[in-house]
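Quick notes on the structure that follows.
Protein chains: 6
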Amino acid sequence: MPTVRYVEYNDASPEVRAIYDEIMFVRTLDFVPNFYKALASHPATLRRFWENLKTVIASRRIDPLMQELIAIAVCSVTNCSYCIASHMKAARTLGMDDEMLGELLSIVSVFSDTSRLAAGYQMELDPQFAEANLNHV
Amino acid sequence: MPTVRYVEYNDASPEVRAIYDEIMFVRTLDFVPNFYKALASHPATLRRFWENLKTVIASRRIDPLMQELIAIAVCSVTNCSYCIASHMKAARTLGMDDEMLGELLSIVSVFSDTSRLAAGYQMELDPQFAEANLNHV
Amino acid sequence: MPTVRYVEYNDASPEVRAIYDEIMFVRTLDFVPNFYKALASHPATLRRFWENLKTVIASRRIDPLMQELIAIAVCSVTNCSYCIASHMKAARTLGMDDEMLGELLSIVSVFSDTSRLAAGYQMELDPQFAEANLNHV
Amino acid sequence: MPTVRYVEYNDASPEVRAIYDEIMFVRTLDFVPNFYKALASHPATLRRFWENLKTVIASRRIDPLMQELIAIAVCSVTNCSYCIASHMKAARTLGMDDEMLGELLSIVSVFSDTSRLAAGYQMELDPQFAEANLNHV
Amino acid sequence: MPTVRYVEYNDASPEVRAIYDEIMFVRTLDFVPNFYKALASHPATLRRFWENLKTVIASRRIDPLMQELIAIAVCSVTNCSYCIASHMKAARTLGMDDEMLGELLSIVSVFSDTSRLAAGYQMELDPQFAEANLNHV
Amino acid sequence: MPTVRYVEYNDASPEVRAIYDEIMFVRTLDFVPNFYKALASHPATLRRFWENLKTVIASRRIDPLMQELIAIAVCSVTNCSYCIASHMKAARTLGMDDEMLGELLSIVSVFSDTSRLAAGYQMELDPQFAEANLNHV
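In the order they appear, the protein sequences are chains A, B, C, D, E and F. First residue of the first sequence? That's 1 in the numbering used here, and the numbers climb one at a time after it. First residue of the second sequence? That's 1001 in the numbering used here, and the numbers climb one at a time after it. First residue of the third sequence? That's 2001 in the numbering used here, and the numbers climb one at a time after it. First residue of the fourth sequence? That's 3001 in the numbering used here, and the numbers climb one at a time after it. First residue of the fifth sequence? That's 4001 in the numbering used here, and the numbers climb one at a time after it. First residue of the sixth sequence? That's 5001 in the numbering used here, and the numbers climb one at a time after it.
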């Protein structure tokens, strides 16, 4: 159950409605997802989030499908059901099949595993890795 | 400071040494990282982890650079310094420049942001997203 | 579905019932929330938690509304639905409106964003910040 | 060790330098923190983050000290050392003393405790809490 | 709602079916849990996970009940409902009663509390602890 | 660098000193760890934490070594270096060897892995698990 009332399209202020229109156009949706209808309870937050998302969408070196895979990776760690369902739909539309999803979740799992082992054993950073990062240019 | 003694190459059992050799060959390293030298304090864990990593490396649909970007994304959320330094080196070697890194960390940040907003507002999943996932095949 | 049976008021031991009475009085509730009815499956845990909560409630420098906002912030990061719903109710009762909630969740999001960027870029602490903390008295 | 080279003020582009100037003015600092010098390796990320932060700073219902306390709460859960040191300095400047900090960290601890207990016992949301959130307006 | 179609026993390939059989035998279940039926959408992930789990089950120094308690501890922090329900069933079968569960969740809570306090106060490691770990052999 | 000044034994109030004495006695230490010297900057927090810890120590069904293993598991997920070093020392003193530590961290890793897979695939809880938990008594 949401913790605010959704702002429906017909009840929205002109400013919010303009953002809704842009969201549906850019993300090729024919409805306003509940996520945005909840954010609209505080228009500054809706605007802030949407500006952020547009910056991400404008990425030139990481293509749209890969953006969605990274989003699924992040949300599998933060454990956000809504986000996962939403990014899965986008990734499926962009061509993700079960094999790609399986590989993705294995990568997430194994590197999440690495984090636990590194925490438990508290390994020190090898100087070779540190130098590599400083001198990569 | 590590919580176990590192198992140095010269002190390792033949079984551990064989895994060390394979790690250096597959990852084209001329040293054994501390990460593996700590895991070797419990050879079954070293073997388990390395088998897992080889499964990931064998991914066919997600290329090596993208694997490293996803690894950086995951470890930025789990906040593992060792892992980040190690994956950064690998990603740099595979061609990641500052622009790609900047785009990656923005994607991570914005979708981590989504998770917080979704938690705080507890939005319900839109039936359109749910259906899409069930019917994607 | 809970992982223990709730201890209902009428089935509770006198010790548990006394804590239930105190909870309802201090938090001005006319029912015992499921949270406490589950904790009561191990009375020592119920007692421990309630003693902790009373310490927090006794805060003198952070007022009750602000305590609830901080609770919502923490639970948005730990992603605890039950906690969020419960603290939302308390915060609403104390006067939180949608604008305050929107500002709160933006603060949570932006500083969660900071954490990801700081992890990904591994910035070193500026000596000016370190000194300030040591010398603040 | 950072994973990019810091962009020093004297080496920065006019666009980045303008943001640096604004940061130092708004946050009353006489230096550019490493955090921003790393973000500047990808100017779009620096600009995005700074725009976000200005939105937060413009909060009207949550005062600057309380913003910093919430930031410390969030970063204590995400475990970001850089962020904690930076927000501590800001909070100290705004008047946070050891008593306020102690109360804050107790609130964070106790409600982080709640999250673990709610996860372990999987309590169901009481209908009284759910209704309260829907009907609060 | 799952993000892939479950692979039912009757629709599974011989390889997947053999793993299903082994899972039911080793874990003494008379059904294939949804967890494995979802993993089977990518057989390499099912195989990888199951090999990992068998390694854990083969632990000699940490008995089966204690393994389940540790699993519940981990999943209470990662906040995974499915995992908690599944490990609770296993732990109950192995003899965990409400007292043991209450003690377990208190341990999880108090040491999760420690983590928040250590983050907020950024205590430095006492040399006595560091030395002890290095010299324990 | 700590964010408060440590309260040294000789500078402590009689109330704080009494708690320090009890800590050293109960945990058989000949020094006051920095953790407690930082908490003492807010005596109510020191007292609250120590009361919590004594409740845990009084566990009857989970022995001291197992308590430390669970603590290491939790702190490997929350990624708290100080906590890990401190619990490692205690566990080593109680008899944990490298094999037990290796098994422990594998359990933590594999069940942290489970959490990621369950998040990514969003499996539904099997009714058999749910019923088992309700009917265990």
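Beta carbons are placed, not taken as given, at the ideal position from N, Cα and C, and that holds for glycine. Note that the coordinates shown come from a computational prediction; the quantities given were computed from them, not determined experimentally.
Is C:Val2137 helix, strand or coil by DSSP?
-> In this prediction, C:Val2137 has a pLDDT of 49, which is less than 50 and means its spatial position is unreliable; nothing more can be read from the coordinates.
For the ligand MN, is there a heavy atom less than 7 Å away from the beta-carbon of D:Ala3071?
-> With respect to the ligand MN, the structure offers nothing, as it holds no ligand at all.
Is it buried or exposed for C:Val2137, if we count other Cβ within 10 angstroms and need 16 for buried?
-> Confidence in C:Val2137 is poor, its pLDDT being 49 and thus under 50, which makes the residue's placement unreliable; the coordinate value appears in the next sentence. Exposed is the call here.
Decide if E:Ser4013 is buried, meaning its Cβ has at least 16 other Cβ atoms within 10 Å, or exposed.
-> exposed
Since I believe C:Ala2119 is in contact with D:Cys3080 (beta carbons under 8 Å), could you give me their beta-carbon distance rounded to a whole number of angstroms?
-> 7 Å
Which residues in chain E sit within 8 Å of A:Glu99, going by Cβ to Cβ distance?
-> His4042
Following the continuous alpha helix (DSSP H) through F:Ala5073, name the residue where it begins and the one where it ends.
-> Pro5064 to Thr5078
How long is the line joining the alpha carbons of E:Val4007 and E:Ala4044, rounded to whole angstroms?
-> 14 Å
Looking at the unbroken alpha helix (DSSP H) that takes in C:Tyr2020, where does it start and where does it end?
-> Pro2014 to Val2026
Determine, using beta carbons only, whether D:Arg3017 comes closer than 8 Å to chain C.
-> no
Given F:Gln5128 as reference, the closest of E:His4087, E:Ile4107, E:Glu4124 and E:Arg4116 once Cα atoms are compared = E:His4087
Buried or exposed: where does C:Phe2025 fall if 16 or more other Cβ atoms within 10 Å of its Cβ makes it buried?
-> exposed
Neighbouring residues, chain F, relative to D:Asn3079 (Cβ below 8 Å) = Thr5078, Asn5079 and Cys5080
Can you find a CB in chain A that lies within less than 8 Å of the CB of E:Arg4061?
-> no
Which first and last residues belong to the alpha helix (DSSP H) in which E:Asn4052 is found?
-> Pro4043 to Ile4057
CB contact below 8 Å: E:Ser4106 versus chain C | yes
Burial state of A:Val95 (16 or more Cβ within 10 Å) | The sequence shown places Gly at residue 95 of chain A, rather than the Val named in the question. It counts as exposed.
In its own chain, which residues sit with a C-beta less than 7 Å from the C-beta of D:Ser3112, not counting the 5 before and 5 after it?
-> Val3077
Taking 8 Å as the CB-CB cut-off, is D:Phe3035 touching chain C?
-> yes
Does DSSP classify D:Val3110 as helix, strand or coil?
-> helix
What in chain F is Cβ-close to D:Ile3084, meaning under 8 Å?
-> Thr5003
Which class does C:Leu2029 belong to by DSSP, given the choice of helix, strand or coil?
-> coil
Going along the chain, which residues of its own chain have a beta-carbon closer than 7 Å to the beta-carbon of A:Val16, five neighbours each way excluded?
-> Val7, Ala40, Pro43 and Leu46
State yes or no: is the C-beta of B:Val1108 within less than 8 Å of the C-beta of B:Ala1073?
-> yes
Please report how far the alpha carbon of F:Val5056 lies from the alpha carbon of C:Trp2050, in whole angstroms.
-> 15 Å
Listing by chain order, which chain C residues have their CB less than 7 Å from the CB of A:Thr45?
-> Gly2102, Leu2105 and Ser2106
Could you tell me whether any Cβ in chain E is nearer than 8 Å to the Cβ of D:Val3137?
-> Residue placement at D:Val3137 is poorly supported in this model, since its pLDDT is 49, which falls under 50; the coordinates are not used for a value here.
Exposure of D:Asn3010, with buried meaning 16 or more beta-carbon neighbours within 10 Å = exposed
Under the rule that 16 or more other beta-carbon atoms within 10 Å means buried, what is E:Arg4092, buried or exposed?
-> buried
For A:Leu94, which of helix, strand or coil comes out of DSSP?
-> coil
Where D:Leu3069 and C:Cys2083 are concerned, what is the direct C-alpha to C-alpha distance, given to the nearest angstrom?
-> 20 Å
Cβ pair E:Ala4085, F:Ala5130 closer than 8 Å = yes
Whole-angstrom distance between C:Pro2033 and B:Ala1038, CA atom to CA atom = 47 Å
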